[in-house]
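Residue numbers (our numbering): 21 to 376.
Positions of the beta carbon are idealized from the N, C-alpha and C atoms, including for glycine.
As structure tokens, the structure follows; a few thoughts come after it.
Set out below in structure tokens:
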């Protein structure tokens with residue numbers, strides 16, 4: 021931080037003023053982001069919730085630029101053009117650009133002109149390329165800056181709204197706005213389809229000269245309107261078993277907790293067994309005694325757990341199969357009782373239980 025301040029790279033007022041005449045340095049932020057990527061055909065087949073689709077991407081290196089803090093505009097143009105080619109799209113198909121936009125008086129004009137040269141080509145006067153930068157909201161996350169831009173675009177697609185690009189009062193005089201078919205999002209703007217699917221480009225440029233550009237498209241209609249609903253465990257084709265993890269401070273408390281689950285399941289036959297087990301595994305806390313695991317299924321043909329009354333009216337059964345918790349090794353081996361192996365099953369059961 022001291023080095024960056026001494027080099028006059030940081031905004032003195034702590035505000036990122038990308039594309040503004042007052043741009044005087046970037047603002048450091050801290051954060052991280054995670055997305056799950058899956059082939060589109062597989063996600064559609066599996067009924068996953070699809071947030072957006074990556075149409076294409078590209079990466080390059082700007083080579084011998086004017087210096088460490090001087091971006092290479094030609095290299096930026098090339099990486100955007102390569103991403104468009106891989107996405108099989110025309111420049112006018114991209115409606116919004118999530119710019120790298122660090123908020124420097126030198127870098128911003130170079131990026132704006134590179135974006136305008138590629139993505140501004142062939143546009144109608146009333147349909148300029150809209151652009152903004154999440155750095156005006158949360159600062160520069162540096163290694164996580166790119167994923168922050170991706171997440172912003174996904175949320176904008178889902179909400180059909182482009183958020184305001186902050187701290188943009190007076191357009192930078194170093195950017196030839198009259199010659200570029202680009203426009204900064206000055207206020208929250210509805211993201212209209214205009215008869216075509218909404219597509220955005222996301223730029224992220226590394227400090228050492230690596231440039232990356234990703235093109236993201238809104239999720240397919242069928243993935244939004246008709247999400248797949250997993251079959252209940254007791255339905256044809258549903259899972260035969262669900263795992264109920266239980267944990268308590270003492271063995272006696274563990275048995276009381278098991279009795280409470282047994283009583284509740286018996287009193288609530290309409291409860292979805294998979295949901296109950298998921299909640300117990302995701303929201304429960306692991307204590308010194310445990311976790312113990314029981315496999316549960318609906319209407320079993322075999323005897324129930326010894327502590328459970330054998331009532332014909334009870335729709336679920338807890339199978340007797342508590343496993344020893346190897347606390348020192350952080351390993352919780354689990355295997356459902358009377359459950360045969362199946363192709364693709366976990367060959368090492370301990371991998372199925374996260375280390376606590």
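From which residue to which residue does the beta strand (DSSP E) around residue i run?
i	result
residue 116	116 to 118
residue 75	72 to 81
residue 290	Note, residue 290: premise wrong, no beta strand (DSSP E); not H, not E.
Which of helix, strand or coil does DSSP assign to residue i?
i	result
residue 183	coil
residue 102	helix
residue 176	helix
residue 146	coil
residue 38	coil
residue 154	coil
residue 167	helix
residue 296	helix
residue 33	coil
residue 302	helix
residue 205	coil
residue 241	helix
residue 108	coil
residue 57	coil
residue 95	helix
residue 217	coil
residue 375	Because the pLDDT at residue 375 is just 42, under 50, the model does not fix this residue reliably, and the value given afterwards should be weighed accordingly. Note: residue 375 maps to coil in three-state DSSP.
residue 199	helix
If you follow the alpha helix (DSSP H) that residue i is in, where does it begin and where does it stop?
i	result
residue 130	127 to 139
residue 285	271 to 287
residue 266	That residue, residue 266, is in no alpha helix (DSSP H); its beta strand (DSSP E) goes 262 to 268.
residue 63	60 to 66
Taking just the CA atoms, how far does residue j sit from residue i?
i	j	result
residue 169	residue 153	7 Å
residue 247	residue 64	For residue 247, the pLDDT reaches just 48, beneath the cut-off of 50, and the residue's location in the model is therefore unreliable, leaving the point undetermined.
residue 49	residue 280	47 Å
residue 262	residue 200	59 Å
residue 287	residue 301	21 Å
residue 43	residue 91	16 Å
residue 295	residue 53	27 Å
residue 278	residue 237	47 Å
residue 98	residue 127	17 Å
residue 30	residue 100	27 Å
residue 120	residue 134	12 Å
residue 72	residue 274	43 Å
residue 161	residue 149	25 Å
residue 142	residue 114	11 Å
residue 81	residue 231	6 Å
residue 108	residue 217	14 Å
residue 233	residue 264	44 Å
residue 46	residue 83	23 Å
residue 4	residue 184	No information on residue 4 is available, as it lies outside the stretch 21 to 376 that the chain covers here.
residue 240	residue 35	37 Å
residue 180	residue 267	44 Å
residue 122	residue 220	19 Å
residue 38	residue 156	7 Å
residue 346	residue 269	Residue placement at residue 346 cannot be trusted, given a pLDDT of 41 that sits under 50; what the coordinates show is reported in the next sentence. Going from the Cα of residue 346 to the Cα of residue 269 covers about 15 Å.
residue 103	residue 293	46 Å
What residues are listed by DSSP as bridge partners for residue i?
i	result
residue 222	118 and 234
residue 210	181
residue 191	40
residue 48	160
I want to check one thing, is the minimum distance from the CB of residue i to the heavy atoms of the ligand SAM below 6 Å?
i	result
residue 296	What this structure holds is no ligand at all, so the ligand SAM is not there to describe.
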